[in-house]
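Residue numbers (the working numbering), protein chains in the order written: chain A, 21 to 134; chain B, 2 to 115.
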């Protein structure tokens, strides 16, 4: 069974631009969660989608948004990029919504904002 | 606010040593505790614990949960250089709100010297 895939793997943008990241969950998984990982803050929750509905949203500004499609693939968008948005963005999929089971992580997208 | 605290933050040992990593938590609606291993890529799942006192074992790794004292330990015996990684502890909740359904600790960075 294929794992979680994320595209692109690496991205370099400049301040003020916007970016869209994509995540394809494990087949059959309907829950997708997004995290931002930085050396200082560790893994911080961005949002969770289940069956195309956003279930939870973390404490991030409105520049961070996401959506999920009917095939469970998810995208997240960051508008008006800031230097502090440089991070590893991880998505994780699970069978169930909420903390009901283990989450399986994709390889991440490394975003660098110059 | 819900939180997960791991200790120590970093650890250096020699091959063959046994190590114990600690994870304590203060959360509402606890559902599960998970351990992940992260090398220079996405976290990979190790264990999920839901019941107190039942040890989970996989090769040289084992983990146990104490729901009364609100902590878990991860033991690694006969360490090898391939065990060098950041070990993440996460707590799953029934409903996490803005922190999400899975709250992560900052991790313990383990370095195993030959």
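Don't be surprised by glycine CBs; every beta carbon is placed ideally from N, CA and C.
request  = Below 6 Å CB to CB, which residues in the same chain sit around residue 42 of chain A once its five sequence neighbours on both sides are set aside?
outcome  = Leaving aside the five residues that flank residue 42 of chain A on each side, the residues in its chain whose CB is nearer than 6 Å to its CB run, in chain order, 27, 95.
request  = Starting from residue 32 of chain A, follow the beta strand (DSSP E) in both directions and report where the run begins and ends.
outcome  = 30 to 33
inquiry  = Between B:108, B:45, B:75, which has its C-alpha nearest residue 125 of chain A's C-alpha?
reply    = B:45
query = Between which two residues does the beta strand (DSSP E) containing residue 67 of chain B stretch?
reply = 62 to 67
inquiry  = Would residue 43 of chain B pass as an interface residue toward chain A - the criterion being a Cβ-Cβ separation below 8 Å?
reply    = yes
inquiry  = Restricting to Cα atoms, I'd like to know which of B:33, B:65, B:15 is closest to residue 112 of chain B.
reply    = B:15
request  = Please name the residue in A:81, A:29, A:87, A:34 whose C-alpha comes closest to that of residue 103 of chain A.
outcome  = Cα-wise, what sits closest to residue 103 of chain A is A:34.
ask   = Can you give the Cα-Cα distance for residue 101 of chain A and residue 40 of chain A, rounded to whole angstroms?
value = 11 Å
Beta-carbon spacing of residue 67 of chain A, residue 74 of chain A below 8 Å = yes
inquiry  = For a contact defined as C-beta to C-beta under 7 Å, what are the partners of residue 123 of chain A on chain B?
reply    = 103
message = At the level of alpha carbons, what is the spacing between residue 41 of chain B and residue 75 of chain B?
response = Answer to the nearest angstrom: the Cα atoms are 20 Å apart.
Counterpart residues of residue 27 of chain B in DSSP-defined beta bridges = Answer by DSSP bridge pairing, in chain order: B:4.
query = How would you list, in chain order, the residues of chain B whose beta-carbon sits under 9 Å from the beta-carbon of residue 95 of chain A?
reply = Contacts between residue 95 of chain A and chain B, judged by CB atoms closer than 9 Å, are missing: the closest CB pair is about 18 Å apart.
request  = Please name the residues in the stretch 41 to 72 of chain A whose beta-carbon is closer than 7 Å to at least one beta-carbon of chain B, in chain order.
outcome  = 53, 62, 63, 65, 68
Whole-angstrom distance between residue 81 of chain A and residue 116 of chain A, CA atom to CA atom = 26 Å
ask   = In chain B, what lies closer than 9 Å to residue 128 of chain A by C-beta?
value = 42, 43
ask   = Can you find a CB in chain B that lies within less than 8 Å of the CB of residue 115 of chain A?
value = By this cut-off, residue 115 of chain A is not an interface position.
request  = Consult DSSP for residue 83 of chain B and reduce its assignment to one of helix, strand or coil.
outcome  = Here residue 83 of chain B sits in helix by DSSP.
Through-space distance from residue 37 of chain A to residue 37 of chain B, alpha-carbon basis = Rounded to the nearest angstrom, the two C-alpha atoms are 33 Å apart.
task = Assign residue 45 of chain A to one of two classes, buried (16 or more other C-beta atoms within 10 Å of its C-beta) or exposed (fewer than that).
result = buried
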